[in-house]
Every structure is written in structure tokens, then in C-alpha cells.
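Novice: Keeping their order, the protein sequence lines are chains A and B. full-length UniProt numbering numbers the first residue of the first sequence as 1 and each following residue consecutively. full-length UniProt numbering numbers the first residue of the second sequence as 1 and each following residue consecutively.
Number of protein chains: 2
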Amino acid sequence: MRMNEGVEWALHSCLNLSWLEPGEAMTAARLAAFYDLPAAYLNKQLQALARAGILTSTPGPRGGFRLARAPERITLLDVVTAIEGATPAFRCEGVLRNGPGGRDDVDYAKLCVVSQSMHRAELAWRKELAGQTLADVKATVERRYPETPARTRSWFTSPRA
Amino acid sequence: MRMNEGVEWALHSCLNLSWLEPGEAMTAARLAAFYDLPAAYLNKQLQALARAGILTSTPGPRGGFRLARAPERITLLDVVTAIEGATPAFRCEGVLRNGPGGRDDVDYAKLCVVSQSMHRAELAWRKELAGQTLADVKATVERRYPETPARTRSWFTSPRA
DNA sequence: GAATGGATACTCGGATACGAGCTGTCCGAGTAAAATGGG
DNA sequence: CCCATTTTACTCGGACAGCTCGTATCCGAGTATCCATTC
Chain A
1 MRMNEGVEWA LHSCLNLSWL EPGEAMTAAR LAAFYDLPAA YLNKQLQALA RAGILTSTPG
61 PRGGFRLARA PERITLLDVV TAIEGATPAF RCEGVLRNGP GGRDDVDYAK LCVVSQSMHR
121 AELAWRKELA GQTLADVKAT VERRYPETPA RTRSWFTSPR A
Chain B
1 MRMNEGVEWA LHSCLNLSWL EPGEAMTAAR LAAFYDLPAA YLNKQLQALA RAGILTSTPG
61 PRGGFRLARA PERITLLDVV TAIEGATPAF RCEGVLRNGP GGRDDVDYAK LCVVSQSMHR
121 AELAWRKELA GQTLADVKAT VERRYPETPA RTRSWFTSPR A
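1. Please name the residue, chosen from B:R103, B:L134, B:N4, that lies closest to I54 of chain B on a Cα-to-Cα basis.
2. Name, please, each residue of chain A whose Cβ falls closer than 7 Å to the Cβ of Q132 of chain B.
3. If you follow the beta strand (DSSP E) that L55 of chain A is part of, which residue opens it and which one closes it?
4. What are the residues in the stretch 41-53 of chain B lying within 7 Å of chain A by C-beta distance?
5. Could you tell me whether any Cβ in chain B is nearer than 8 Å to the Cβ of W19 of chain A?
6. Which residues in the same chain as L76 of chain A place their Cβ atom closer than 8 Å to its Cβ, once the five residues preceding and following it in sequence are excluded?
7. Are any of the Cβ atoms in chain B nearer than 8 Å to that of Y108 of chain A?
8. According to a CB-to-CB cut-off of less than 8 Å, which residues of the stretch 1-15 of chain B neighbour chain A?
9. Do you know how far the Cα of A40 of chain A is from the Cα of F156 of chain A?
10. Taking Cβ to Cβ, would you say T81 of chain A is nearer than 8 Å to R66 of chain A?
11. Under 8 Å, with one C-beta from each stretch per pair, do the stretch 29-45 of chain A and the stretch 94-112 of chain A reach the 3-pair mark?
12. With contact counted as at least three CB pairs below 8 Å, one residue from each stretch, are the stretch 119-128 of chain B and the stretch 112-129 of chain A in contact?
13. For a contact defined as C-beta to C-beta under 8 Å, what are the partners of E122 of chain B on chain A?
14. For R66 of chain B, which residues does DSSP report across the bridge?
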């Protein structure tokens with residue numbers, strides 16, 4: 001079980017966007033340069049965030065991405081599901097269906113006790129992610145590293161290196 | 001993010017093993033036939049369970065796999081980590097290291113707030129899995145479907161179809 | 001009849017191909033800004 | 001000087017390869033069983 005690399009990039013990029021002036025957009029290329037990431041691939045992830053309604057994108061000069069809503073209303077789960085998709089990690093393929101006495105007209109994903117237990121664990125995972133907003137993470141970073149917001153903003157507003 | 005198919009197989013196979021007579025072994029081929037699974041591949045998963053100390057394997061005629069300890073002492077997390085490995089799904093690659101002001105001698109997996117939040121969610125997931133033992137699942141199945149243990153045992157002890 | 005040695009068949013175990021999905025890259029459609037020419 | 005029009009440059013957006021890892025398979029090492037042979 002392995003999570004997409006893009007999730008980490010997306011989270012950090014959203015965090016960086018939250019430190020910009022409200023309404024200010026930033027291009028995928030510049031967001032990628034901040035961490036020395038492949039620009040086109042990060043662009044792909046940001047597109048997914050835009051499709052999910054987390055970011056808004058504007059093309060053309062002075063265009064780019066910006067947060068679609070306040071960080072208080074963006075949970076970590078929103079970002080993760082935007083990148084990873086909504087399909088659960090443990091997909092019950094219904095082995096019981098192929099076993100003796102298996103019926104085709106039964107939804108074993110719902111009835112199978114094993115599936116339920118695994119599903120319960122994933123629910124706990126999602127609940128924990130949904131309980132943390134981007135604003136919470138942002139606040140923690142600002143408390144521990146007070147210079148980060150100003151430093152980040154100045155990096156993005158400085159002329160291209 | 002996608003969990004190995006083998007996890008589901010391993011869980012159901014452990015459950016089936018728990019319904020056999022204590023000390024009775026069952027071959028990978030027969031366990032696979034129960035759900036119509038590829039035998040050699042299931043064997044691979046069972047090997048992983050044996051390496052993790054969840055099952056014991058004995059070669060030769062009358063050999064096979066059996067539970068290494070009581071179902072009360074086998075958690076779902078044990079099975080999952082045996083198959084999936086212990087590496088967490090969200091691996092912090094330390095994008096901060098490549099960012100401005102990044103240091104090579106800092107463990108960002110520990111300091112990065114994003115990484116910590118994601119790690120906390122995975123901890124909740126593991127905790128939920130660790131709280132459920134194979135005996136719990138077994139008891140739930142026996143309560144809901146009382147005929148399952150006898151039926152399963154008879155299937156495994158019946159002559160090969 | 002009992003014991004012994006060997007042959008046998010069966011099981012796990014790891015080494016070996018195949019394929020899906022993540023990773024990475026490219027170029028085109030569309031847009032806002034800037035430049036240009038005229039009034 | 002101001003405005004309309006054209007040009008320009010820049011951005012996202014989706015379509016196209018490369019590669020790692022999960023999926024599937026095969027054959028060999030080792031062992032308990034069974035059988036033939038001998039005492």
C-alpha cells in the first residue's frame with residue numbers, strides 16, 4: 001500500500017498558497033520551483049485539486065492557481081481524496097462470492113465481516129484526516145516556525161531566480 | 001493508494017484455518033480452491049504470514065499451514081503488516097529539504113507538520129486494526145452465520161472434489 | 001510378524017515473467033496583457 | 001492624449017511515453033509416508 005507522491009506535493013503547495021495575499025494566483029511552474037519538483041507533473045496534481053473544487057485556476061498571463069475557499073474549510077481529507085480518488089484502499093473483491101454457497105446477488109462488500117472491519121479502520125483514518133484543516137496545519141507551522149510565512153511569501157514575490 | 005489483494009485472501013484464509021481442528025494443517029492449494037484463487041500466489045502470501053510468525057508451515061505429505069497462535073493473539077494489523085510491510089503509506093520524501101533553507105542534516109519526516117498530520121491519521125488506522133483480533137471477527141461471523149464453522153470445516157475435510 | 005532401507009509423492013520456498021498504474025513529459029487551446037496604429 | 005485592434009506571450013489542460021511494483025506462474029529442496037525386502 002503506497003500513497004501517491006503527489007499528495008505530499010499538493011498539501012505543501014496548498015500551504016504555500018495560503019500564505020499569499022488573498023486573491024493572488026501562483027503558477028504551477030513557480031510552485032514546483034519552490035521545491036524543485038517536475039513542473040508539468042505538479043501541474044497535473046493541481047488540476048486534480050481544481051477539479052475537486054479546492055483550487056481555482058485561471059489561464060493566461062497573471063494566471064495560476066489560488067485557494068478556492070478559506071483554509072478553515074479545506075480538510076486534509078479533501079486534498080487526499082482529490083489526488084487519490086474516493087475508492088477505498090481495501091477493496092473487497094468478494095472472495096466469498098467464489099466460495100461454496102456464494103451467491104451472485106449478494107453484496108459481500110457490505111455483509112462480509114472482514115470487509116466491515118477493514119472498512120471501519122479506513123473510516124478512522126478518514127475521520128482523523130477530516131478533523132484536520134489546512135488552517136490547523138498552517139497555524140501549527142506558524143507557531144513553531146514564525147518566520148516561515150514572510151519568508152515563503154517573499155520567495156514567491158521575488159523576481160525569478 | 002491501493003491495498004494488496006492478498007490481504008483479503010490472507011484474512012479469510014486465517015479465518016478458515018481458525019475453524020479447523022487445533023493442530024490440523026491445510027495446504028495452500030486447498031485453501032486457494034475454497035475461494036477459487038490462484039494457488040501459487042496465495043502460497044506466496046501465506047509464506048509472508050509464516051515469516052511474520054502468524055502461521056507455521058510444515059512441508060511434505062500431511063503438511064501445510066496452521067495458525068501459529070490462538071486467534072485471540074492475532075490482530076488484523078498483524079496480518080496487514082505481514083502482507084503489506086511495515087512502511088507507512090504516506091512516505092514523507094522531505095520536499096522541504098529541496099526547498100529554500102532546506103538542510104540535509106534534518107529529518108523532515110519527523111519535523112514536517114504535514115508529515116506529522118498524515119502520520120497521525122495512519123496511526124489511527126493502525127490502532128483500529130490492532131484493536132480487532134482474529135477471534136473478534138471469528139466470533140462475529142459465528143454469531144451472524146452460525147452454520148459457517150461446521151460447513152467450512154466439512155468442506156475442508158471432505159474428499160477432494 | 002516386525003524391523004529396516006529405499007522409493008515415492010507431496011508440500012513449501014524462492015526465483016522467474018507479465019501487466020497495471022503511478023511517474024514524468026510534451027504540445028495545443030484559450031486568455032489576458034501589451035504593443036501598435038489611428039483618430 | 002485616448003481608444004480600438006492586432007499581436008504577443010503566458011497559462012492551464014489533456015494526451016502521450018517510461019518505469020516501478022503488484023500479479024501470476026513455474027520448478028527445485030526437503031520431508032513424512034508407504035512399500036518392498038529381509039530377519
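Every residue, glycine too, gets a C-beta built ideally from N, C-alpha and C. Keep in mind that this is a model prediction, so the values were computed, not measured.
Specialist: Quick answer:
1. B:L134
2. S117
3. 55-58
4. none
5. no
6. These residues qualify, in order along the chain: L11, L129, A130, Q132, T133, L134, V137.
7. Not an interface residue.
8. M1, R2, M3, N4, E5, V7, E8, W9, L11, H12, L15
9. 18 Å
10. no
11. Too few Cβ pairs lie closer than 8 Å, so no.
12. yes
13. Counting only Cβ-Cβ distances below 8 Å, E122 of chain B has contacts in chain A at W125, in chain order.
14. B:T56
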